[in-house]
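One structure is given here, and the rest of the page talks about it.
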Amino acid sequence: SSVFVGGGAMSDVGFVWVEDGPIPDSPLIAPRPSDEPRVLRGVDPELHGLDADGIRARIRQLRDGMAPVYPRQWVDTGKSAERVDNFLFMQFNMLAEGLSALPDARHPFELLEGKTNSCGGFAIPEDMKTKVFDFSVRKFLVLEDILLLSPDILTLEECDRFVDFFMPALSRFGYHGVWVPKAESPCKEFGWYSDGVAIVWKKDVFTLVTERRWQWVHGREGQREKNVSCATILQKKSSGKKLVVACTHLKAKANQENEDRRESQIAGVLTNVAEAVEASRVACGDAEHPPIIVAADFNTDPFDVPGVKSKAVPAIQKVGFESAYALPADADSEFWTTWKRRGTSEVKHVIDYIFHSPGVACLSVYAVPPADEIEEHRLPGVRFPSDHISIAAKLALI
(Lines of atoms letter the chains of each structure in order from A and count residues from 1; the text may use other names and numbers.)
(Lines give C-alpha, C1' and ligand atoms only; values in the text may rest on other atoms or scores of the structure.)
Protein backbone atom coordinates (compact mmCIF):
# COMPACT_ATOMS: atom_id res chain seq x y z
CA SER A 1 0.00 0.00 0.00
CA SER A 2 1.05 3.62 -0.06
CA VAL A 3 1.01 6.55 2.32
CA PHE A 4 1.03 10.32 1.89
CA VAL A 5 3.35 11.48 4.64
CA GLY A 6 5.12 14.49 6.02
CA GLY A 7 8.72 14.77 7.07
CA GLY A 8 11.95 15.97 5.59
CA ALA A 9 14.19 18.84 6.59
CA MET A 10 12.06 21.67 5.23
CA SER A 11 9.02 20.17 3.57
CA ASP A 12 6.01 18.63 5.26
CA VAL A 13 4.54 17.97 1.83
CA GLY A 14 5.53 15.02 -0.27
CA PHE A 15 4.96 11.40 -0.95
CA VAL A 16 7.03 8.38 0.07
CA TRP A 17 6.17 5.01 -1.45
CA VAL A 18 8.18 2.42 0.43
CA GLU A 19 5.68 -0.21 1.55
CA ASP A 20 5.08 -3.60 0.00
CA GLY A 21 1.83 -5.21 -1.04
CA PRO A 22 -0.85 -4.71 -3.67
CA ILE A 23 -1.96 -1.22 -4.61
CA PRO A 24 -5.49 -0.52 -3.41
CA ASP A 25 -8.03 0.56 -6.01
CA SER A 26 -9.01 3.49 -3.81
CA PRO A 27 -11.19 6.40 -4.91
CA LEU A 28 -9.56 9.73 -5.70
CA ILE A 29 -9.24 12.08 -2.75
CA ALA A 30 -9.95 15.80 -2.99
CA PRO A 31 -6.81 17.91 -3.49
CA ARG A 32 -5.38 20.29 -0.93
CA PRO A 33 -6.32 24.00 -0.87
CA SER A 34 -5.19 26.13 -3.79
CA ASP A 35 -2.43 27.89 -1.79
CA GLU A 36 -0.66 24.56 -1.29
CA PRO A 37 0.52 21.97 -3.81
CA ARG A 38 -2.39 20.41 -5.65
CA VAL A 39 -2.09 16.63 -5.50
CA LEU A 40 -4.36 14.10 -7.17
CA ARG A 41 -4.38 11.16 -4.78
CA GLY A 42 -5.74 7.66 -5.12
CA VAL A 43 -5.05 5.46 -8.12
CA ASP A 44 -5.75 6.39 -11.74
CA PRO A 45 -8.76 4.32 -12.89
CA GLU A 46 -6.84 3.39 -16.04
CA LEU A 47 -4.49 1.35 -13.85
CA HIS A 48 -7.21 -0.61 -12.10
CA GLY A 49 -6.83 -4.28 -12.80
CA LEU A 50 -3.49 -3.84 -14.61
CA ASP A 51 -0.40 -5.68 -13.40
CA ALA A 52 3.03 -5.23 -14.98
CA ASP A 53 2.14 -7.44 -17.95
CA GLY A 54 -1.11 -5.55 -18.39
CA ILE A 55 0.70 -2.21 -18.47
CA ARG A 56 3.17 -3.49 -21.07
CA ALA A 57 0.26 -4.78 -23.17
CA ARG A 58 -1.45 -1.38 -22.94
CA ILE A 59 1.76 0.34 -24.10
CA ARG A 60 2.09 -2.05 -27.06
CA GLN A 61 -1.54 -1.40 -27.98
CA LEU A 62 -1.00 2.37 -27.96
CA ARG A 63 2.29 2.17 -29.85
CA ASP A 64 0.77 -0.05 -32.55
CA GLY A 65 0.33 2.02 -35.71
CA MET A 66 2.56 4.83 -34.44
CA ALA A 67 6.06 5.57 -35.66
CA PRO A 68 8.67 3.64 -33.64
CA VAL A 69 10.58 5.12 -30.73
CA TYR A 70 13.89 6.75 -31.58
CA PRO A 71 16.91 4.46 -31.99
CA ARG A 72 19.54 4.98 -29.30
CA GLN A 73 22.88 3.37 -28.48
CA TRP A 74 25.10 2.93 -25.44
CA VAL A 75 28.54 4.55 -25.72
CA ASP A 76 31.39 3.26 -23.54
CA THR A 77 33.49 5.78 -21.64
CA GLY A 78 36.55 3.52 -21.48
CA LYS A 79 36.32 3.15 -17.71
CA SER A 80 35.84 -0.19 -15.97
CA ALA A 81 34.74 -1.36 -12.55
CA GLU A 82 33.78 -4.54 -10.78
CA ARG A 83 30.34 -5.63 -11.90
CA VAL A 84 28.99 -6.28 -8.41
CA ASP A 85 28.28 -2.58 -7.81
CA ASN A 86 27.15 -1.55 -11.27
CA PHE A 87 23.74 0.07 -11.66
CA LEU A 88 21.74 1.88 -14.35
CA PHE A 89 20.74 5.49 -13.70
CA MET A 90 18.17 7.51 -15.68
CA GLN A 91 17.31 11.23 -15.55
CA PHE A 92 14.11 12.45 -17.23
CA ASN A 93 12.12 15.68 -17.42
CA MET A 94 8.86 14.08 -18.50
CA LEU A 95 6.91 17.26 -19.47
CA ALA A 96 4.06 17.95 -17.07
CA GLU A 97 0.49 17.39 -18.15
CA GLY A 98 -0.30 20.85 -16.78
CA LEU A 99 2.24 22.47 -19.12
CA SER A 100 1.18 20.68 -22.31
CA ALA A 101 -2.57 20.08 -22.14
CA LEU A 102 -4.85 20.18 -25.14
CA PRO A 103 -7.11 23.25 -25.45
CA ASP A 104 -10.23 21.15 -24.89
CA ALA A 105 -8.80 19.08 -22.02
CA ARG A 106 -10.95 19.21 -18.87
CA HIS A 107 -8.73 20.98 -16.35
CA PRO A 108 -9.82 20.32 -12.74
CA PHE A 109 -9.29 23.90 -11.49
CA GLU A 110 -9.92 27.41 -12.75
CA LEU A 111 -7.38 28.97 -15.08
CA LEU A 112 -5.41 32.00 -13.93
CA GLU A 113 -6.68 35.08 -15.75
CA GLY A 114 -5.06 35.37 -19.18
CA LYS A 115 -3.87 31.74 -19.27
CA THR A 116 -5.05 29.16 -21.80
CA ASN A 117 -4.15 25.54 -22.44
CA SER A 118 -2.47 25.39 -25.84
CA CYS A 119 -0.29 22.25 -25.93
CA GLY A 120 2.53 24.15 -24.26
CA GLY A 121 2.85 26.39 -27.30
CA PHE A 122 4.81 23.70 -29.15
CA ALA A 123 4.83 24.16 -32.93
CA ILE A 124 3.33 20.82 -33.86
CA PRO A 125 1.00 20.27 -36.84
CA GLU A 126 -2.66 20.60 -35.85
CA ASP A 127 -3.53 17.12 -37.09
CA MET A 128 -0.91 15.63 -34.74
CA LYS A 129 -1.67 17.51 -31.54
CA THR A 130 -4.26 15.13 -30.14
CA LYS A 131 -2.02 12.14 -30.84
CA VAL A 132 0.94 13.84 -29.11
CA PHE A 133 -0.69 15.63 -26.18
CA ASP A 134 -3.63 13.44 -25.14
CA PHE A 135 -2.38 12.60 -21.66
CA SER A 136 -4.35 9.37 -21.47
CA VAL A 137 -1.92 8.17 -24.16
CA ARG A 138 1.18 10.19 -23.37
CA LYS A 139 1.44 9.01 -19.76
CA PHE A 140 1.81 5.42 -20.98
CA LEU A 141 4.42 6.49 -23.55
CA VAL A 142 6.41 8.15 -20.77
CA LEU A 143 6.29 4.80 -18.98
CA GLU A 144 7.37 3.13 -22.21
CA ASP A 145 10.56 5.16 -22.31
CA ILE A 146 11.34 4.38 -18.68
CA LEU A 147 10.65 0.66 -19.06
CA LEU A 148 12.80 0.37 -22.19
CA LEU A 149 15.80 0.68 -19.86
CA SER A 150 14.20 -0.32 -16.54
CA PRO A 151 16.75 1.77 -14.61
CA ASP A 152 17.80 0.85 -11.11
CA ILE A 153 17.46 4.53 -10.12
CA LEU A 154 15.33 7.15 -11.85
CA THR A 155 15.08 10.90 -11.25
CA LEU A 156 12.14 12.88 -12.61
CA GLU A 157 11.19 16.51 -13.12
CA GLU A 158 7.86 18.07 -14.18
CA CYS A 159 6.17 15.06 -12.65
CA ASP A 160 2.61 16.12 -11.81
CA ARG A 161 0.85 12.75 -11.72
CA PHE A 162 3.22 10.88 -9.42
CA VAL A 163 0.76 9.90 -6.72
CA ASP A 164 -2.16 8.69 -8.81
CA PHE A 165 -0.40 7.30 -11.90
CA PHE A 166 3.38 7.10 -12.20
CA MET A 167 4.24 5.68 -8.79
CA PRO A 168 1.35 3.18 -8.73
CA ALA A 169 2.36 2.07 -12.23
CA LEU A 170 6.08 1.85 -11.44
CA SER A 171 5.42 0.00 -8.20
CA ARG A 172 4.05 -2.86 -10.26
CA PHE A 173 7.56 -3.19 -11.69
CA GLY A 174 9.20 -3.30 -8.27
CA TYR A 175 9.95 0.38 -7.67
CA HIS A 176 9.77 2.54 -4.57
CA GLY A 177 9.96 6.33 -4.67
CA VAL A 178 9.99 9.79 -3.10
CA TRP A 179 8.33 12.89 -4.57
CA VAL A 180 8.00 16.54 -3.59
CA PRO A 181 5.59 18.90 -5.41
CA LYS A 182 6.03 22.61 -6.01
CA ALA A 183 3.88 24.86 -3.86
CA GLU A 184 3.93 27.46 -6.64
CA SER A 185 3.87 25.14 -9.62
CA PRO A 186 3.24 26.85 -12.97
CA CYS A 187 0.82 24.00 -13.73
CA LYS A 188 -1.61 25.57 -11.27
CA GLU A 189 -1.87 28.67 -13.46
CA PHE A 190 -3.31 26.48 -16.23
CA GLY A 191 -5.85 24.77 -13.95
CA TRP A 192 -3.87 21.59 -13.25
CA TYR A 193 -2.12 19.71 -10.47
CA SER A 194 1.31 20.66 -9.13
CA ASP A 195 4.40 19.24 -10.75
CA GLY A 196 7.48 18.30 -8.77
CA VAL A 197 10.63 16.21 -8.63
CA ALA A 198 11.05 12.56 -7.72
CA ILE A 199 13.59 9.83 -7.05
CA VAL A 200 12.56 6.25 -7.80
CA TRP A 201 14.58 3.07 -7.26
CA LYS A 202 14.26 -0.70 -7.65
CA LYS A 203 13.52 -2.16 -4.26
CA ASP A 204 15.32 -5.44 -5.03
CA VAL A 205 18.54 -3.51 -5.83
CA PHE A 206 18.52 -0.70 -3.25
CA THR A 207 17.12 -0.18 0.24
CA LEU A 208 16.10 3.28 1.46
CA VAL A 209 18.15 4.41 4.46
CA THR A 210 16.63 7.89 4.76
CA GLU A 211 15.14 10.65 2.63
CA ARG A 212 14.68 14.42 2.75
CA ARG A 213 12.46 16.84 0.83
CA TRP A 214 12.82 20.61 0.47
CA GLN A 215 10.36 23.09 -1.00
CA TRP A 216 12.87 25.91 -0.97
CA VAL A 217 16.56 26.59 -0.37
CA HIS A 218 18.49 29.53 1.05
CA GLY A 219 19.63 31.72 -1.82
CA ARG A 220 21.80 34.81 -1.91
CA GLU A 221 21.54 37.14 1.08
CA GLY A 222 19.28 34.62 2.83
CA GLN A 223 16.27 34.88 0.53
CA ARG A 224 14.24 31.78 -0.25
CA GLU A 225 14.66 30.20 -3.65
CA LYS A 226 11.51 28.23 -4.39
CA ASN A 227 12.99 25.39 -6.43
CA VAL A 228 12.04 22.03 -4.93
CA SER A 229 14.50 19.23 -4.33
CA CYS A 230 14.71 15.85 -2.67
CA ALA A 231 17.44 13.46 -1.64
CA THR A 232 17.68 9.82 -0.68
CA ILE A 233 20.40 7.75 0.91
CA LEU A 234 20.19 4.31 -0.66
CA GLN A 235 22.06 1.13 0.25
CA LYS A 236 23.07 -1.39 -2.41
CA LYS A 237 21.74 -4.76 -1.36
CA SER A 238 24.51 -6.73 -3.08
CA SER A 239 27.39 -4.98 -1.31
CA GLY A 240 25.98 -2.85 1.50
CA LYS A 241 27.54 0.31 0.02
CA LYS A 242 25.60 3.53 0.41
CA LEU A 243 24.82 6.14 -2.23
CA VAL A 244 23.23 9.59 -2.01
CA VAL A 245 20.90 10.63 -4.84
CA ALA A 246 19.60 14.19 -5.10
CA CYS A 247 17.19 15.67 -7.64
CA THR A 248 16.11 19.24 -8.34
CA HIS A 249 14.75 21.54 -11.05
CA LEU A 250 16.35 24.97 -11.34
CA LYS A 251 14.94 28.32 -12.45
CA ALA A 252 13.96 28.58 -16.12
CA LYS A 253 14.66 31.24 -18.78
CA ALA A 254 18.01 32.36 -20.13
CA ASN A 255 19.25 35.69 -18.81
CA GLN A 256 22.04 36.63 -16.42
CA GLU A 257 19.74 37.38 -13.49
CA ASN A 258 18.20 33.90 -13.72
CA GLU A 259 21.63 32.30 -14.21
CA ASP A 260 22.78 33.99 -10.99
CA ARG A 261 19.71 32.55 -9.28
CA ARG A 262 20.44 29.08 -10.66
CA GLU A 263 23.96 29.31 -9.26
CA SER A 264 22.48 30.24 -5.89
CA GLN A 265 19.88 27.48 -6.11
CA ILE A 266 22.32 24.65 -6.81
CA ALA A 267 24.57 25.89 -4.01
CA GLY A 268 21.60 25.78 -1.65
CA VAL A 269 20.65 22.27 -2.77
CA LEU A 270 24.20 21.03 -2.21
CA THR A 271 24.27 22.60 1.26
CA ASN A 272 20.99 20.93 2.21
CA VAL A 273 22.17 17.57 0.88
CA ALA A 274 25.50 17.84 2.74
CA GLU A 275 23.71 18.60 6.02
CA ALA A 276 21.32 15.66 5.53
CA VAL A 277 24.19 13.30 4.68
CA GLU A 278 26.19 14.35 7.73
CA ALA A 279 23.16 13.89 9.99
CA SER A 280 22.64 10.39 8.60
CA ARG A 281 26.33 9.55 8.96
CA VAL A 282 26.26 10.49 12.63
CA ALA A 283 22.97 8.67 13.27
CA CYS A 284 24.22 5.48 11.57
CA GLY A 285 27.70 5.65 13.04
CA ASP A 286 29.33 5.57 9.60
CA ALA A 287 32.99 6.51 9.31
CA GLU A 288 32.72 8.17 5.90
CA HIS A 289 30.26 10.03 3.72
CA PRO A 290 28.83 8.02 0.80
CA PRO A 291 29.29 9.25 -2.79
CA ILE A 292 26.65 11.57 -4.24
CA ILE A 293 24.76 11.77 -7.53
CA VAL A 294 22.96 15.00 -8.41
CA ALA A 295 20.59 14.66 -11.37
CA ALA A 296 18.48 17.57 -12.51
CA ASP A 297 17.08 19.89 -15.10
CA PHE A 298 19.42 22.87 -14.62
CA ASN A 299 17.61 24.91 -17.31
CA THR A 300 20.98 26.19 -18.52
CA ASP A 301 23.78 25.22 -20.88
CA PRO A 302 27.23 24.29 -19.54
CA PHE A 303 28.87 27.11 -21.52
CA ASP A 304 28.48 30.86 -21.97
CA VAL A 305 25.80 32.01 -24.40
CA PRO A 306 25.26 35.56 -25.69
CA GLY A 307 24.29 37.71 -22.73
CA VAL A 308 24.73 34.95 -20.14
CA LYS A 309 27.91 33.87 -18.39
CA SER A 310 27.58 30.26 -17.28
CA LYS A 311 27.58 29.91 -13.49
CA ALA A 312 25.27 27.08 -12.39
CA VAL A 313 27.12 24.17 -14.02
CA PRO A 314 30.57 25.52 -13.04
CA ALA A 315 29.29 25.86 -9.46
CA ILE A 316 28.73 22.11 -9.10
CA GLN A 317 31.90 21.24 -11.01
CA LYS A 318 34.01 23.45 -8.73
CA VAL A 319 33.09 21.34 -5.70
CA GLY A 320 34.25 18.10 -7.26
CA PHE A 321 31.29 16.80 -9.25
CA GLU A 322 31.83 15.27 -12.69
CA SER A 323 29.26 14.94 -15.46
CA ALA A 324 28.46 11.42 -16.64
CA TYR A 325 28.29 12.81 -20.18
CA ALA A 326 31.12 14.72 -21.83
CA LEU A 327 29.81 18.29 -21.78
CA PRO A 328 30.13 20.49 -24.87
CA ALA A 329 32.12 23.71 -24.90
CA ASP A 330 29.74 25.45 -27.29
CA ALA A 331 26.43 25.12 -29.14
CA ASP A 332 27.95 23.29 -32.11
CA SER A 333 27.99 19.94 -30.30
CA GLU A 334 25.89 16.99 -31.48
CA PHE A 335 24.89 16.37 -27.86
CA TRP A 336 21.64 17.94 -26.66
CA THR A 337 18.97 17.15 -24.07
CA THR A 338 16.09 19.36 -25.25
CA TRP A 339 15.16 20.27 -28.83
CA LYS A 340 11.86 21.98 -29.55
CA ARG A 341 9.95 24.52 -31.57
CA ARG A 342 7.56 27.13 -30.26
CA GLY A 343 6.08 29.51 -32.79
CA THR A 344 8.87 30.36 -35.22
CA SER A 345 11.60 29.76 -32.64
CA GLU A 346 13.65 26.57 -32.50
CA VAL A 347 15.95 25.84 -29.55
CA LYS A 348 18.42 23.04 -28.92
CA HIS A 349 20.25 22.94 -25.58
CA VAL A 350 22.07 20.80 -23.04
CA ILE A 351 20.20 21.51 -19.81
CA ASP A 352 19.70 18.08 -18.18
CA TYR A 353 22.55 16.50 -16.24
CA ILE A 354 23.79 13.54 -14.23
CA PHE A 355 26.62 14.67 -11.96
CA HIS A 356 28.52 12.38 -9.60
CA SER A 357 31.13 12.83 -6.91
CA PRO A 358 34.31 10.75 -6.51
CA GLY A 359 33.40 7.21 -5.53
CA VAL A 360 31.22 6.74 -8.62
CA ALA A 361 32.53 5.74 -12.05
CA CYS A 362 30.62 6.22 -15.30
CA LEU A 363 31.05 3.17 -17.56
CA SER A 364 28.79 4.17 -20.46
CA VAL A 365 26.15 6.73 -21.43
CA TYR A 366 22.94 6.49 -23.44
CA ALA A 367 23.47 8.52 -26.60
CA VAL A 368 20.77 10.91 -27.80
CA PRO A 369 18.99 9.94 -31.04
CA PRO A 370 20.69 10.84 -34.34
CA ALA A 371 19.70 14.29 -35.59
CA ASP A 372 18.38 12.93 -38.89
CA GLU A 373 15.89 10.75 -37.00
CA ILE A 374 14.22 13.62 -35.13
CA GLU A 375 10.72 14.54 -36.29
CA GLU A 376 10.49 17.76 -38.28
CA HIS A 377 8.66 19.53 -35.48
CA ARG A 378 11.29 18.24 -32.99
CA LEU A 379 10.21 17.17 -29.49
CA PRO A 380 7.70 16.19 -28.22
CA GLY A 381 6.13 13.99 -30.87
CA VAL A 382 4.76 10.54 -31.52
CA ARG A 383 8.26 9.07 -31.32
CA PHE A 384 9.09 10.63 -27.95
CA PRO A 385 6.62 11.97 -25.36
CA SER A 386 8.56 14.88 -23.83
CA ASP A 387 10.40 17.98 -25.01
CA HIS A 388 13.41 16.70 -23.05
CA ILE A 389 15.11 13.48 -24.10
CA SER A 390 15.82 11.10 -21.23
CA ILE A 391 19.49 10.64 -20.40
CA ALA A 392 21.01 7.61 -18.72
CA ALA A 393 24.32 6.18 -17.57
CA LYS A 394 25.69 2.85 -16.44
CA LEU A 395 27.46 3.70 -13.20
CA ALA A 396 29.44 1.82 -10.58
CA LEU A 397 30.29 2.38 -6.93
CA ILE A 398 34.06 2.20 -6.53
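Using our numbering, the first residue of the sequence shown is number 248, and each one after it goes up by one.
Every residue gets a Cβ at the ideal spot worked out from N, C-alpha and C, and that includes glycine.
It should be emphasised that the depicted structure is a prediction, and the values quoted were computed from it without experimental measurement.
Legend entry - Cα-Cα separation between residue 606 and residue 473, rounded to whole angstroms: As a position in the sequence shown, residue 606 is number 359, starting the count at 1. As a position in the sequence shown, residue 473 is number 226, starting the count at 1. Whole-angstrom Cα-Cα distance: 30 Å.
Legend entry - Complete runs of the beta strand (DSSP E) confined to the segment 476-539 [at least 3 residues]: 476-483 and 489-496
Inset, instruction - Return the bridge partner residues of residue 340 from the DSSP annotation. - result: For this step, residue 340 is matched to residue 93 along the sequence shown. BP columns for residue 340 point to 404.
Legend entry - Beta-carbon gap between residue 264 and residue 414 smaller than 7 Å: The sequence position of residue 264 within the sequence shown is 17, counting from 1. The sequence position of residue 414 within the sequence shown is 167, counting from 1. Yes, the pair counts as a contact, with Cβ atoms nearer than the cut-off.
Inset, instruction - Consult DSSP for residue 630 and reduce its assignment to one of helix, strand or coil. - result: Stepping through the sequence shown from its first residue, residue 630 is reached at position 383. Three-state result, residue 630: coil.
Legend entry - Beta-bridge pairing of residue 593 - partner residues as DSSP gives them: As a working note, residue 593 is residue 346 in the sequence shown. Residue 593 is bridged to 588.
Inset, instruction - Could you tell me whether the Cβ atoms of residue 562 and residue 545 are closer together than 7 Å? - result: To locate residue 562, count along the sequence shown from 1; it is residue 315. To locate residue 545, count along the sequence shown from 1; it is residue 298. The answer is no: Cβ separation not under 7 Å.
Inset, instruction - Determine the extent of the alpha helix (DSSP H) in which residue 304 is found, giving its start and end residues. - result: Counting from 1 along the sequence shown, the entry for residue 304 is found at position 57. Taken as a continuous stretch (DSSP letters only), the alpha helix (DSSP H) holding residue 304 covers 299-310.
Inset, instruction - Using the DSSP secondary-structure output, state which residues sit across from residue 445 in a beta bridge. - result: Walking along the sequence shown from the start, residue 445 turns up at place 198. Answer is 403 and 426, bridged to residue 445.
Legend entry - As assigned by DSSP and simplified to three states, the class of residue 409: Locating residue 409 in the sequence shown gives position 162, counting from the first residue. Looking at residue 409 - three-state DSSP - the assignment turns out to be helix.
Inset, instruction - Compare the C-alpha of residue 432 against each of 499, 541 and 564 and name the closest. - result: Here residue 432 is taken as the residue at index 185 of the sequence shown, counted from 1. Of the listed residues, the one whose Cα sits closest to residue 432 is 499.
Inset, instruction - Determine, using beta carbons only, whether residue 407 and residue 345 come nearer to each other than 7 Å. - result: Counting from 1 along the sequence shown, the entry for residue 407 is found at position 160. Counting from 1 along the sequence shown, the entry for residue 345 is found at position 98. Yes; because the gap between Cβ atoms is below 7 Å, this pair is in contact.
Legend entry - Span of the beta strand (DSSP E), counted from its first residue to its last, around residue 460: The residue labelled residue 460 in the question sits at position 213 within the sequence shown. Where residue 460 is concerned, the enclosing beta strand (DSSP E) stretches over 453-461.
Legend entry - Collapsed DSSP secondary structure at residue 566 in the structure displayed: Position 319 of the sequence shown holds residue 566. In this structure, residue 566 counts as coil in the three-state DSSP scheme.
Legend entry - Own chain partners of residue 528 with C-beta closer than 7 Å, once the 5 adjacent residues on each side are dropped: Within the sequence shown, the letter at position 281 stands for residue 528. Excluding positions up to five away in sequence, the list reads 536.
Inset, instruction - Report the three-state DSSP secondary structure of residue 396 (helix, strand or coil). - result: Translated into positions along the sequence shown, residue 396 becomes position 149. Correct three-state label for residue 396: helix.
Inset, instruction - Mind checking which residues open and close the alpha helix (DSSP H) that includes residue 599? - result: In the sequence shown, residue 599 corresponds to position 352, counting from 1. Looking at the DSSP string, residue 599 is not in any alpha helix (DSSP H); the run it does join, the beta strand (DSSP E), is 599-603.
Inset, instruction - For residue 434, I'd like the list of residues in its chain whose CB is within less than 7 Å of its CB, leaving aside the five on either flank, ordered along the chain. - result: As a position in the sequence shown, residue 434 is number 187, starting the count at 1. Closer than 7 Å at the Cβ level, and outside the excluded window around residue 434, lie 343, 345, 346, 407, 440, 441 and 442.
Legend entry - 7 Å CB neighbourhood of residue 515 in its chain, flanking five on each side removed: Within the sequence shown, numbered from 1, the residue matching residue 515 stands at position 268. Answer for residue 515: 464, 465, 466 and 472, listed in chain order.
Inset, instruction - Alpha carbon to alpha carbon, how far is residue 549 from residue 307? Give it in angstroms, no decimals. - result: Sequence index remark: in the sequence shown, residue 307 carries index 60 (1-based). Sequence index remark: in the sequence shown, residue 549 carries index 302 (1-based). Going from the Cα of residue 307 to the Cα of residue 549 covers about 37 Å.
Inset, instruction - Quick one: using the 10 Å Cβ neighbour count with 16 as the cut-off for buried, is residue 534 buried or exposed? - result: By 1-based counting over the sequence shown, the position of residue 534 is 287. Exposed: under 16 other Cβ atoms inside 10 Å.
Inset, instruction - Please go through the segment 342-390 and give each complete alpha helix (DSSP H) segment of 4 or more residues, from N-terminal end onward. - result: 373-380
Legend entry - Span of the alpha helix (DSSP H), counted from its first residue to its last, around residue 418: For the purposes of this step, residue 418 is identified with residue 171 of the sequence shown, where counting begins at 1. Taken as a continuous stretch (DSSP letters only), the alpha helix (DSSP H) holding residue 418 covers 414-418.
Inset, instruction - Would you check if there are 3 or more beta carbon pairs closer than 8 Å linking the segment 443-450 to the segment 476-488? - result: yes
Inset, instruction - Could you tell me whether the Cβ atoms of residue 637 and residue 380 are closer together than 7 Å? - result: Residue 637 sits at position 390 when you count from the first residue of the sequence shown. Residue 380 sits at position 133 when you count from the first residue of the sequence shown. Going by C-beta atoms, residue 637 is not nearer than 7 Å to residue 380.
Legend entry - Three CB pairs or more closer than 8 Å across the segment 318-330 and the segment 345-363: no
Inset, instruction - State the DSSP-derived secondary structure class of residue 623, mapped to helix, strand or coil. - result: The count along the sequence shown starts at 1 and reaches residue 623 at position 376. Coil at residue 623, not helix or strand.
Inset, instruction - Can you have a look at residue 311 and say buried or exposed, based on whether 16 or more other CB atoms are within 10 angstroms of its CB? - result: What you label residue 311 is simply residue 64 of the sequence shown in a count that begins at 1. Residue 311 comes out exposed.
Legend entry - Minimum Cβ-Cβ distance from residue 524 to chain B less than 7 Å: The question asks about chain B, but that chain is absent: this structure has only one protein chain.
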